[in-house]
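Structure first, commentary second.
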Amino acid sequence: MKLGDLEFHILSDGDVWLDGGAMFGVVPKVLWERKMAPDAKNRIQLAMNCLLVRAGGKTVLIETGAGTKMNPKLRQIYGLEDSRLIGQLERYGYHNTEIDIVINTHLHFDHCGGNTRIEQDKVVCTFPNAKYVVQRGEYEHARNPNERDQASYFDENYAPLEKAGKLALLEGDRAIAPGVELIRAPGHTANMQCVKLSGGGKSAFFFADLVPTAAHLPLPWIMGYDLYPMTTLENKKKWIPELVKEGWIALFGHDARTPAGHLREKNGGFEVEPLTID
Ligand SMILES: [Zn+2]
């Protein structure tokens, strides 16, 4: 998919299966199970979508999925298969050494686990020539999570980056390459960031966990994982109508069936018209 000179592809590190109740917060199961049928363990199938972007001569990777370091017990709990990200990058002709910038929207394991990998019993940067970009507040929280969210944070996914001098910590919104803008959108965590891609008068907006799947478009359909659900609500009210009005492409971080689409208003709510990227 091209937006002027900017080019992007949607990759996925594979599926992650999370509890349906936790994914839909206060929404009763009788409503959400019609949109996403749970398995016998009440889990729903989610993708770990990542974006490969070429902009201004830079190769940018947004999100790195769960990666390869998780132990077999956790892989089973989350239904993780073998990590696919590196293979998918290679399909588009990119080697891990060719990534210039890695963006993590936040540091939950399903968004940044592929940042690092184990080589000869040592945790090393998967993308040795990249700067890894994350909000400073998210990094500080990830180093010292609370009892409610510590199951989502693993030091080995980001602490080695700081040690290696590869980490760039941002404070607020920032353009990181031509047409690649990071926009703080708190709610899921205090410092999560979304990504806006622009070029040739067109734009696409990566929602990360603000609107993780198309099923989360209705305003009250907010994840139980969110630390600040009322802030999520405010940011949904700000950004979803903006995408509708401006005709930006919506990109969903966890939707396995509809990773991209155009949003429309219908009967006072929002719906997606799926779009195939590539
Ligand atoms: Zn998350």
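Here the numbering used here is used: position 216 in the sequence shown is 443, and no number is missing along the way.
Yeah, the Cβ is synthetic: ideal placement off N, Cα and C, and Gly gets one too.
Residue i and residue j closer than 8 Å at C-beta
i    : j    : result
S425 : L230 : yes
E286 : E234 : Correcting the residue type first, residue 286 is Thr in the shown sequence and not Glu. Not in contact: T286 and E234 (Cβ atoms no closer than 8 Å).
A442 : W448 : yes
P405 : G283 : yes
T353 : T343 : yes
N384 : F336 : yes
G241 : E308 : yes
N418 : H368 : yes
L278 : Y321 : no
R363 : L396 : yes
S430 : E492 : no
Y319 : H236 : yes
I467 : L444 : yes
Supposed contact pair residue j and residue i - C-beta distance, whole angstroms, cut 8 Å
i    : j    : result
E250 : M450 : Sequence check: residue 250 is Met here, not Glu. Right, the Cβ-Cβ distance comes to about 6 Å (below 8 Å), so this counts as a contact.
V499 : T485 : 6 Å
G414 : N462 : 5 Å
D376 : L454 : 7 Å
G252 : P387 : Not confirmed; about 33 Å, so no contact.
G341 : S310 : 6 Å
I271 : L245 : 7 Å
L288 : V329 : 5 Å
K393 : E408 : That pair is no contact at about 21 Å.
V243 : L273 : 5 Å
Residue from the options whose Cα sits closest to the Cα of residue i
i    : options                : result
G306 : H335, W475, M275       : M275
G428 : T459, L437, W475       : W475
T503 : P299, K358, A483       : A483
K464 : A412, W244, K423       : A412
V360 : V350, D376, G399       : G399
G480 : Y455, V438, M457, E469 : V438
A435 : E260, G495, A487, K300 : A487
Y452 : D505, K296, N373, K390 : N373
F381 : Q303, D348, N298       : N298
D348 : K296, I467, L478, E260 : K296
I345 : G294, N371, N323       : G294
Q303 : I467, I313, K268, N323 : K268
Any chain C beta carbon closer than 8 Å to residue i
i    : result
A412 : Absence of chain C from the displayed structure is noted, only one protein chain being present.
Distance cut 5 Å, beta-carbon to ligand 1 heavy atom: residue list by chain order
H335, D436
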